[in-house]
Each structure stands twice: as structure tokens, then as C-alpha cells.
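The listed protein sequences derive, respectively, from chains A and B.
This note's numbering puts the first sequence at residues 2 to 143.
This note's numbering puts the second sequence at residues 2 to 143.
Just so you know, even glycine gets a beta-carbon here, dropped at the ideal spot from N, CA and C.
Working notes, beginning with the structure itself.
2 protein chains.
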Amino acid sequence: MLKNSEFVSKLRNSGLRPTKQRLKICEVLFNRDKTFHFTINDLAKNISENFNEKISLATIYNTIHAFKDKGYLKEITISSDKSYFDTNITKHHHFYDEDTNLLIDCNDNEIGKVNIKNNITGKKISSVEVLVRVASDTQNQN
Amino acid sequence: MLKNSEFVSKLRNSGLRPTKQRLKICEVLFNRDKTFHFTINDLAKNISENFNEKISLATIYNTIHAFKDKGYLKEITISSDKSYFDTNITKHHHFYDEDTNLLIDCNDNEIGKVNIKNNITGKKISSVEVLVRVASDTQNQN
DNA sequence: ATTTAGTTTAGAATTATTATAAATTAACAA
DNA sequence: TTGTTAATTTATAATAATTCTAAACTAAAT
Ligand SMILES: [Mn+2]
Ligand SMILES: [Mn+2]
Ligand SMILES: [Zn+2]
Ligand SMILES: [Zn+2]
């Protein structure tokens, strides 16, 4: 639940000019109570259907990637034909409902800490992510 | 290290005709000591460069998807612009080296069992996969 | 006000993947 | 064998997500 002026400084502080388009995208993504997951297409549709502004698809891609690079979004890869973004930038894991194609955040109390006993020599761990795929009982198993 | 005749029965047993193309792909994928990870492009290149047979890209896609559906391959999604396949069909986790773009299998002794305390109501867990991204110490963290 | 560099945009290009539909081939029965 | 049938392969077109390009626009600095 941030105000417009807060987005302006947030953008300025990260070296991004607070343009009309970026502020609108900030509002859509960050001016709400709960974090959520979306695809570029979801976002483009949301903006064109629910607001008067027209933001070109190229700008949406540019902005989302800029926000990701600045750490304001995380990218979640579930399938190779679609990329999800997450406004929850804390470390967390996901359930993926194969029936509805929805991503659901795991709380820390739902999945215990992942115990990595041996890392690759000379490398540093940059992230650890668990994906739990779920489906109705009557579905095929993986 | 399977023989050609074994691939013939394996294919027949799963309702797939043992065509010349499928047998060649079996040989390339399964006639070796260790499991490995590959992309469709890797495989197409491998076949066209190291063998005389020309298999059309459409057939490679068809075959890999058929093998995946029959459970002879697993698909691993790391990034949205490329899909990896895995000849190791046992339950296991992965390291992904962001410097080299290589996938590395985790042994059971490297990552402890993931403890899922609460599943989504009414759903069945179809898979649990951990992806540990690693990079050189001098790289950016996630 | 002028300049400059950053940003937006429409549209083209790229790339992975899937669809189409005709030619080929494996399986099967006569 | 031989003919029939359905599965498979293939070249090619289509699709769809994403990136690129280059011109127009705009925020920031002078
Ligand atoms: Mn794709
Ligand atoms: Mn893609
Ligand atoms: Zn999330
Ligand atoms: Zn593997």
C-alpha cells in the first residue's frame, strides 16, 4: 500500500526515471495488500482492460525486466512456454497447481529448511527454491 | 548400456513403433553409462553431427515428448527460453551453474529430504523439486 | 530555454515450439 | 507375399513469447 510519491523516490533511488508508464506499473504491482504472481500477458491485459493508459508491450517487458534487475520482482520459471513474476521478493517456495496453473506461496511453516549438505566446489549458492507440483487425486502423477 | 533389441521391446511395450528414428534417439539417449541433461537443440545437433542419419526436428520433438509421456525422460524447467530433459528419471534435485548453464544432479546425500508440513487441501503432491542456483563468488547474488 | 541522455513505441526480427497435410512405413490380415 | 490400415515422418507453415531497431518523445541537467 505505497503512495505515488513513494514510487517516485523508489524509482529515482534506483536510477530509473519515474515515467508515467513505470508509475502506473508500480501502482498495479505494488499498491495492494498482498503479493501475487503474474505473467507479462496478465499484466498487459490488466492494464489495458482496467485502466485508460495504453502502455506498449515493449515497455512492459522493459519495465518488468528493469524491476527484476533492481530486485523489485522475482522471476519464477515453471514451464518453458511462460514466465511468471512474483511481487513477493522474500525467500520462499511454491506450490504449483497443475489443474488451475496457479502458483501459491509456501509459508516457512509449510516447508522446512532445505538442508544442503554439499555445495559445488568453488561456487556460491545464489538461491534455493522448492517447487511442489500438486494436482487432483484423479490426475496423473509425475 | 542397453542393446538395440531391448529398445525395440521397450518401445513396443509402450505402444510406440520401433522406427529407425526412435531407435537412433534411444541409442543416443540411453546407450551410455551415465544419465545426462540435454536440450532439444543439443540432441538435434548431436544426431546431425555425429551420425549419418538425418532426423527432422519435428520428429525429434515428437519423440522426446512421447518418451517424456511414457516416463522415459523428465523435463526440467530452468529458464523460460529453453527446456531441459533428463535421462535420470529417479526423484532427484539439481544444482544449476549460472556461469556455465549446466545442470548437475544432486545425490540424496547432498540435499536432505524436503519436509512438507502442509499440502494444499484436496490436492495430491505429484513432485517435489529443489533447484539450487550456484555461481562464482564474484557473481551477483539472487 | 537548450541540450542530453533515458525512455517509449510500433513494428520487425528472432527463436522455440506446435500444427498441417502429404509421403512413407510398420503392423497386420488375407 | 500382398494389400490394407493406421502410425509415423517430414518439410513447411503457423504460433507465440520475447527481443531488437530506430525514430519520436520526455525527464533531468545546464
Ligand atoms: Mn516458447
Ligand atoms: Mn521463448
Ligand atoms: Zn511467490
Ligand atoms: Zn537430473
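Cβ-based neighbour list, residue i, same chain, cut-off 7 angstroms, excluding 5 preceding and 5 following
| i | result |
| --- | --- |
| A:Lys55 | Ser49 |
| A:Leu58 | Ala45 |
| A:Glu130 | His94 |
| B:Lys4 | none |
| B:Asn47 | Val29 |
| A:Asp106 | Asn89, His93, His95 |
| B:Phe52 | Lys25 |
| A:Ala67 | Leu17 |
| B:Thr101 | none |
Local Cβ density within 10 Å of residue i, reported as buried at 16 or more and exposed below that
| i | result |
| --- | --- |
| A:Arg13 | exposed |
| A:Lys124 | buried |
| B:Glu7 | exposed |
| B:Phe39 | buried |
| A:Leu132 | buried |
| A:Gln142 | Residue placement at A:Gln142 is flagged as unreliable, the pLDDT there being 39, under the threshold of 50; a coordinate-derived value is accordingly withheld. |
Contact set for residue i: own chain, Cβ-Cβ below 8 angstroms, skip 5 residues either direction
| i | result |
| --- | --- |
| A:Lys69 | Lys75, Glu76, Phe86 |
| B:Ile126 | Ile117, Asn120 |
| A:Lys21 | Glu54 |
| A:Arg18 | Leu12 |
| A:Tyr62 | Ile41 |
| A:Glu99 | Arg134, Val135, Ala136, Gln140 |
| B:Asp109 | His93 |
Integer Cβ distance of residue i from residue j, believed to fall under 8 angstroms
| i | j | result |
| --- | --- | --- |
| A:Ile112 | A:Tyr97 | Not confirmed; about 13 angstroms, so no contact. |
| B:Leu30 | B:Thr88 | 6 angstroms |
| A:Ser128 | B:Ser81 | The Cβ separation is near 16 angstroms, so there is no contact. |
| A:Val9 | B:Val115 | About 42 angstroms; that fails the 8 angstroms criterion. |
Beta-carbon proximity list for residue i, same chain, < 6 angstroms, skipping 5 on both sides
| i | result |
| --- | --- |
| B:Lys71 | Ser15 |
| A:Thr64 | Arg23, Ile26 |
| B:Thr144 | Given that chain B is displayed from residue 2 to residue 143, the structure contains no residue 144 of chain B and the question cannot be resolved. |
| A:Thr60 | Gln22 |
> What residues sit near ligand 4, counting only those whose C-beta is closer than 5 angstroms to one of its heavy atoms, in chain order?
Replying inline: Here the residues close to ligand 4, judged by CB distance below 5 angstroms to any of its heavy atoms, are B:Asp87, B:Asn89, B:Asp106 in chain order.
>> Counting only Cβ-Cβ distances shorter than 8 angstroms, please list the residues of the segment 28-39 of chain B near chain A, keeping chain order.
In response: Answer set for the segment 28-39 of chain B: empty.
>> What are the residues in the segment 6-27 of chain A lying within 7 angstroms of chain B by C-beta distance?
In response: Of all residues in the segment 6-27 of chain A, none has a Cβ within less than 7 angstroms of some Cβ in chain B.
> Taking any Cβ of chain A, which residues in the segment 78-96 of chain B have a Cβ under 8 angstroms from it, in chain order?
Replying inline: Listed in sequence order: Thr78, Ile79, Ser80, Ser81, Asp82, Lys83, Ser84, Phe96.
> Which of the residues in the segment 101-122 of chain A, read from start to end, lie with their CB under 9 angstroms from any CB of chain B?
Replying inline: Within the segment 101-122 of chain A, the residues whose Cβ lies closer than 9 angstroms to some Cβ of chain B are Ile105, Cys107, Asn108, Asn110, Glu111, Ile112, Gly113, Lys114, Val115, Asn116, Ile117, Lys118, Asn119, Asn120, Ile121, listed in chain order.
> Taking Cβ-Cβ distances below 8 angstroms as the criterion, which residues of the segment 122-137 of chain A are in contact with chain B?
Replying inline: Going along the segment 122-137 of chain A in chain order, one finds Gly123, Lys124, Lys125, Ile126, Ser127, Ser128, Val129, Glu130, Val131, Leu132, Val133, Arg134, Val135, Ala136, Ser137 with a Cβ nearer than 8 angstroms to chain B.
> Using a Cβ cut-off of 7 angstroms, which residues of the segment 43-56 of chain B contact any Cβ in chain A, in chain order?
Replying inline: Per Cβ criterion, the list is empty.
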